[in-house]
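Trainee: Protein chains in written order, with our numbering: chain A, 2 to 345; chain B, 2 to 345; chain C, 2 to 345; chain D, 2 to 345.
Even glycine gets a Cβ: it sits at the ideal position worked out from N, Cα and C.
Predicted model, so just to flag it, every value in this text is computed and none were measured.
Number of protein chains: 4
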Amino acid sequence: VNDIPIRIAVLGAGRIGRMHAELLAKRVPGAELACVFDVAPALAAALADELGAPIAGSVEEALGPDSDAVAICTSTATHVSLIESAARAGKHIFCEKPVSIDLDLVDRALDVVADCGVKLHVGFNRRFDPAHRSVRDAVAHGAIGQLELLRITSRDPGPPPISYLKSSGGIFMDMTIHDFDMARFVAASEVIEVYADGAARVEPALDEWGDIDTAVVVLRHHNGCITTIDNSRRAVYGYDQRVEAFGSSGMAASENPTVHSGTFRGADGGHTPVIPRFFLDRYTESYVLSWQAFVDYARAGQTSPVSGEDGRAPIVMALAAQRSLQERRPVFISEIDSRIGVQP
Amino acid sequence: VNDIPIRIAVLGAGRIGRMHAELLAKRVPGAELACVFDVAPALAAALADELGAPIAGSVEEALGPDSDAVAICTSTATHVSLIESAARAGKHIFCEKPVSIDLDLVDRALDVVADCGVKLHVGFNRRFDPAHRSVRDAVAHGAIGQLELLRITSRDPGPPPISYLKSSGGIFMDMTIHDFDMARFVAASEVIEVYADGAARVEPALDEWGDIDTAVVVLRHHNGCITTIDNSRRAVYGYDQRVEAFGSSGMAASENPTVHSGTFRGADGGHTPVIPRFFLDRYTESYVLSWQAFVDYARAGQTSPVSGEDGRAPIVMALAAQRSLQERRPVFISEIDSRIGVQP
Amino acid sequence: VNDIPIRIAVLGAGRIGRMHAELLAKRVPGAELACVFDVAPALAAALADELGAPIAGSVEEALGPDSDAVAICTSTATHVSLIESAARAGKHIFCEKPVSIDLDLVDRALDVVADCGVKLHVGFNRRFDPAHRSVRDAVAHGAIGQLELLRITSRDPGPPPISYLKSSGGIFMDMTIHDFDMARFVAASEVIEVYADGAARVEPALDEWGDIDTAVVVLRHHNGCITTIDNSRRAVYGYDQRVEAFGSSGMAASENPTVHSGTFRGADGGHTPVIPRFFLDRYTESYVLSWQAFVDYARAGQTSPVSGEDGRAPIVMALAAQRSLQERRPVFISEIDSRIGVQP
Amino acid sequence: VNDIPIRIAVLGAGRIGRMHAELLAKRVPGAELACVFDVAPALAAALADELGAPIAGSVEEALGPDSDAVAICTSTATHVSLIESAARAGKHIFCEKPVSIDLDLVDRALDVVADCGVKLHVGFNRRFDPAHRSVRDAVAHGAIGQLELLRITSRDPGPPPISYLKSSGGIFMDMTIHDFDMARFVAASEVIEVYADGAARVEPALDEWGDIDTAVVVLRHHNGCITTIDNSRRAVYGYDQRVEAFGSSGMAASENPTVHSGTFRGADGGHTPVIPRFFLDRYTESYVLSWQAFVDYARAGQTSPVSGEDGRAPIVMALAAQRSLQERRPVFISEIDSRIGVQP
């Protein structure tokens, strides 16, 4: 039975949708690209043609009998309604992050998923990066002992266009959200308090609508761990992605890889290659492994590799970070999330 | 015109043939897997089925109008006759190394290729590895100045079965041949003398038929560079593949990558990940880049990325190394290769 | 004239005094160990004997005509009165950090130094560490462009005895003070706001008197740079000392050295040596370079390598961090330091 | 008893003698600089004055009752007669390498040492380098299993003056001799055959008197290990000193340290610091540890850390390498050394 491929309809043929469709068509054993849909039919057609896959003329068609699951790769604002439609059609769901920037909508979507009994996997791919995962494993397996400090660096090689930034939901919801997920993933402990600081150093225009491009966040976890995150929209030397966990028995770290392992040494010192500049160069393997985890989960898994709750918590943290930045004080998660009773 | 894909028939569906077929089917823009052929039809059928490609019932069929080129991935003994057939059918040729272990047959094949005017690319994939290539580039672009010493380490993670070893042609023809090519590639200068030493340390039975599993080779190049190569059939820590070029202005080195960039530091020191153990983990990118070079060459290239001459020279060097080991003395290339006049 | 050695009296023959006396006796060209004094005469005698140096029976004797300068290596509580005595005796002064944990006393001492026209160098030795200094230089020389983020990690290999901790002045005054100095040194910009978080994770008893052993501090500098500091009293893998400066043109980092450069690679991965465990193993070179800077300053320098103001600012920052931790909010430097007018 | 310092007379106040005298005066617990002697009295006087040590007016005086041991740091040609004088005076002996370039003289000196019952330690300091020693230890303790390949790189930052080269005894006696010692030290197995190749690439004038500046040597050890050595008189990037041992269970390597651990990463890749350029920057610690070993041996040791036999064997290897280079063939040690019976 487990040899029957999971047929996955890709919704959205933009940059991230193209990537997922290509991976599903070529690189994921056990998965099949069922069809491609986009509100812009030409985009879908081009992608479908390139990959030799069917095109779906509508969401309904994509959710028809020829698919077992969907990959929601559309713009954030459409995620919740697509989750609901897919769940009601009985399809398992892979949804890109963030589920929504509106916490109420997230909760509504998760309720529908629960009601319909379908499986949901949120696209926090970095959990599947082997180097980051080695840090998580070192914590989970006790190699570093009691976790005391966690440090996450996440810096983009360069800022997206100002138009994108305007509609991004802000740095915490757009960029730090990956790090919020990583903090929960590595520490295996919920965050109870968030302190955020930062400034618009790269793109001063961000100031106008209250956004920043250079950020520092301090998290307090329930287990006592303190996490620091630093972000920048512009690291000229590449896509800087690091995680470091420190505890009573040692330290585990995920360092930046270089694009190859050739070096040079001359009279003025040593030279090493650049680190990857693009998220695909850095994270392709994590996306493939994420899809393998999805396939395993869809077939027979009991627990989502990245559950709805995993998709929701970073959104709460992003909202707390926004308030912290505005009010210049640490903010309790319980101030944002009514599900949490009182502050600890 | 350059958008028309090159249709490539894969001959041989063993381990290396499977890899090439899969890369051609999925990873090489501009290439198309035309069909798959193997003397064992079941093997070909399984692979063709897996990749959704046609199966060819005979070499003649594979060389029919539906292919523009062939990838010769069969056993070494069949290379020369397949090269000749393909050349006479007007197909461009990718041939796995070594072309043959019989120098006269090599010369015969190269003559046919020349007569038929087809293009030939020999499968020395390591030239396309980005780290090794960075060493070659540092030499070619003058960054290390006058090349004086070149050092190549090439150690397999573990020995192949004794049955394979018996028919491998010996370590120099089977394994060092890649390093002989690398020496010529990096130094951009022909080798004029070979000295070889070694022993059967891993598999003592090799002694019986004059083969070794642990080897050191010293090469003198025409430009004065001295290259040392060391090989082992068993590096328990992985597939150790390094190149280092030293010259008057500096040193360029291709170091081993690790499988990921996660590390650990505890009371007893630091721990780093393993290096790749399998040739595919280490060299997939080089195979893809090699195919891209083949496609470019087949379409419009003037010079083969790895010409027939490049395929021939390492065979001569392997023969010289064998004689050096037997006679315990440095051997001039001119003693092996009648094309070369007298010793320098 | 510049060949006449500076004769330096060492006050205090405890751990740090012994080190300074030995360096002055053996490793600092241009310096001479004038004499050794300690309130425990036996301690002074043992050290003087070992180094073949005179013993001073009293502070007055140490400040007599046979010394040009003093190295104040006594307990923190005695620093200010010794600074005053030395200044009034016309001696140049090297004083271990912190000058005092009482800001008023610091100011009094600096006033006396200024009145007497002697030279003062505070013992922030890490400024002279070549790796840390390379980070400062990369900032100062523009190599990283506009400084945006600064990250300082400073973790001790293990906690001192609880008795020491009780009288240490707290982690910010005892340990983070070095990092406060480093932040000002690298950023070359004053700090205007401090946020501190932390807990007693290593030595829970610290909780009783409001101290912590695991700390995170966020600093805002006047130039817009945000610095994060993390500290622990226990890094089982050694004395972890790192600095990283990130800016618009790149990143400079001071990484941990290992005790030697030997490595091992086996079937389970690579192993690298431990990092230094003791401050002397890590920082001896910085102490020697600090003394060379002192000698140059004493002879002919116009500007102190680590001035009284450099000694004072980190004390203010430590006081701000203490208040931040208590009040759970970011604290402006201007709230602590009356010299600063209003909050920026 | 073991607290009485060993009083060591330093013979020779040139570059290496100055270094040893300074280390003995300041850095070696248990050792005392007894006096300094040089055939040029002014040189001895300057050094003695600088270190506050007595000057000896003659070798006889240096071998008088005020010394327990000698450090022979004079020119190579004088080593043997000084060894004999010191041995007859009952002094323990530290002698710089090489003992002599004349094997008969070496044997004569070792005989006198044996007759007089004094202790002899030859100055192969690299054995005491912690990184190189970690490689030896990995072999000795079985961590790498059966030793199969050993690789030693030893490249000077720049050639000495041509006048020095002329009287150096040739590269094998002057430079490779350290690597010959390292090969025996790490492999713990005698060398039975030597093959040498090389050329004058840096200083073509060397050709005139049969010397080279770029060398490759292949050694066969009695235990089956094959060692390759490569040397250059000019590594523009610094003093390149590496050792790598490969065996059935893993690989141990001594890599080059950098002068500090600061790095930079910019748009064009990473930059790392230079490696040490001068032997003292690289090997000071090894010299100190060598002296500590000498002191321990002189006080109570049974076995020399670097015995007369250890001093002799590399000389034999250098002679074999010279013959190999001249005759263009591998040379058995037994062809050089009459103590060895027949070729294995």
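So what does DSSP say about Asp69(C), is it helix, strand or coil?
Mentor: coil
Trainee: Could you check the C-alpha separation between Pro315(A) and Thr285(D) for me, to the nearest Å?
Mentor: The C-alpha of Thr285(D) is placed about 53 Å away from the C-alpha of Pro315(A).
Trainee: Out of Val217(C), Ile213(C), Ile193(C) and Ala253(C), point me to the one whose CA is closest to Asn224(C)'s CA.
Mentor: It is Ile193(C).
Trainee: In terms of residue numbering, what span does the alpha helix (DSSP H) encompassing Leu111(B) cover?
Mentor: Leu104 to Cys117
Trainee: By Cβ distance, which residues of its chain are closer than 7 Å to Ile143(C), with the 5 residues on each side in sequence left out?
Mentor: One detail in the question is off: residue 143(C) reads as Gly in this sequence, not Ile. Excluding residues within five positions, none has a Cβ falling inside 7 Å.
Trainee: Anything in chain B within Cβ reach of Ser325(A), meaning under 9 Å, just list it in chain order.
Mentor: Simply none; closest approach about 30 Å.
Trainee: Taking the alpha carbon of Ser155(C) as the reference point, which residue from Phe295(C), Ile172(C), Ala26(C) and Gln242(C) has its own alpha carbon closest?
Mentor: Gln242(C)
Trainee: How would you write the range of the alpha helix (DSSP H) that Val140(D) sits in, first residue to last?
Mentor: Pro131 to Ala141 is the span of the alpha helix (DSSP H), which, as asked, contains Val140(D).
Trainee: Just to confirm the assignment, what range does the alpha helix (DSSP H) spanning Thr79(B) have?
Mentor: It is not in any alpha helix (DSSP H) - Thr79(B) carries neither H nor E in the DSSP assignment.
Trainee: Indicate whether at least one CB of chain B lies closer than 7 Å to the CB of Asp311(A).
Mentor: Answer no: the Cβ-Cβ gap between Asp311(A) and chain B never drops below 7 Å.
Trainee: Can you give me the start and stop residues for the beta strand (DSSP E) that Ala197(D) sits inside?
Mentor: Its beta strand (DSSP E) spans residues Val192 to Ala200.
Trainee: Going by the C-beta, is Ser76(B) closer than 6 Å to any heavy atom of the ligand NAP?
Mentor: Ligands displayed in this structure: none; no statement on the ligand NAP is therefore possible.
Trainee: Expressed to the nearest angstrom, what Euclidean distance is found between the alpha-carbon atoms of Leu151(C) and Arg152(A)?
Mentor: 13 Å
Trainee: Which of the three DSSP states, helix, strand or coil, is assigned to Asp50(D)?
Mentor: helix
Trainee: Tell me whether Leu64(A) sits in a helix, a strand or coil according to DSSP, three-state version.
Mentor: Of the three classes helix, strand and coil, the one that applies to Leu64(A) here is coil, per DSSP.
Trainee: Report all residues from its chain with a CB closer than 6 Å to the CB of Ile337(C); omit the five preceding and five following residues, and keep chain order.
Mentor: Val317, Leu320 and Ala321
Trainee: Quick check: is the beta carbon of Tyr240(C) nearer than 7 Å to any beta carbon in chain A?
Mentor: no
Trainee: Can you tell me whether DSSP reads Glu33(B) as helix, strand or coil?
Mentor: strand
Trainee: At a cut of 8 Å, does the segment 247–259 of chain C reach the segment 217–235 of chain D through at least three beta carbon pairs?
Mentor: no
Trainee: Could you check whether the Cβ of Val244(C) sits closer than 7 Å to any Cβ belonging to chain A?
Mentor: No, its Cβ sits nowhere closer than 7 Å to a Cβ of chain A.
Trainee: Return the bridge partner residues of Val11(D) from the DSSP annotation.
Mentor: Val37(D) and Ala72(D)
Trainee: Count the CB pairs spanning the segment 159–175 of chain B and the segment 209–227 of chain B that are closer than 8 Å, and state whether there are at least three.
Mentor: Touching, per the Cβ criterion.
Trainee: Would you kindly report the start and end of the unbroken alpha helix (DSSP H) that includes Asp182(A)?
Mentor: Ile178 to Ala188
Trainee: Whole angstroms are fine: how far does the CA of Ile230(D) sit from the CA of Ser190(D)?
Mentor: 16 Å
Trainee: Since Val237(B) meets chain C, which of its residues come closer than 8 Å, beta carbon to beta carbon?
Mentor: Gly267 and Ala268
Trainee: From the DSSP output, in three-state form, read off Ile84(A) for me.
Mentor: helix
Trainee: What residues in its chain sit with their C-beta under 8 Å from that of Glu85(A), if we drop five residues either side in the sequence?
Mentor: Counting only Cβ-Cβ distances below 8 Å, and skipping sequence neighbours, we find Arg109, Ala110 and Val113.
Trainee: Does DSSP put Arg128(C) in a helix, in a strand, or in coil?
Mentor: helix
Trainee: Kindly indicate if chain B contains any beta-carbon less than 7 Å away from that of Ala321(D).
Mentor: no
Trainee: Against chain B, does Leu150(D) count as a neighbour if the rule is that its beta carbon must be under 7 Å from one of theirs?
Mentor: yes
Trainee: Strictly under 7 Å for the Cβ-Cβ distance: is Glu256(D) near chain C by that measure?
Mentor: yes
Trainee: Between Val140(C) and Gly271(B), what straight-line distance do the alpha-carbon atoms span, to the nearest angstrom?
Mentor: Between Val140(C) and Gly271(B), the alpha-carbon positions lie close to 30 Å from each other.
Trainee: I think His122(D) touches Pro306(D), with their Cβ atoms under 8 Å apart; what is that distance to the nearest whole Å?
Mentor: 6 Å
Trainee: What does DSSP give as the partner residues of Cys96(A) in its beta bridges?
Mentor: Ile73(A) and Val123(A)
Trainee: I'd like the list of long-range same chain contacts for Lys98(A), defined as Cβ closer than 8 Å, with 5 residues on each side in sequence excluded.
Mentor: Val123, Gly124, Phe125, Ile178, His179, Asp182, Gly312 and Pro315
Trainee: Nearest to Glu61(B) by alpha carbon, out of Lys92(B), Arg134(B), Glu23(B) and Glu33(B)?
Mentor: Per the Cα distances, Lys92(B).
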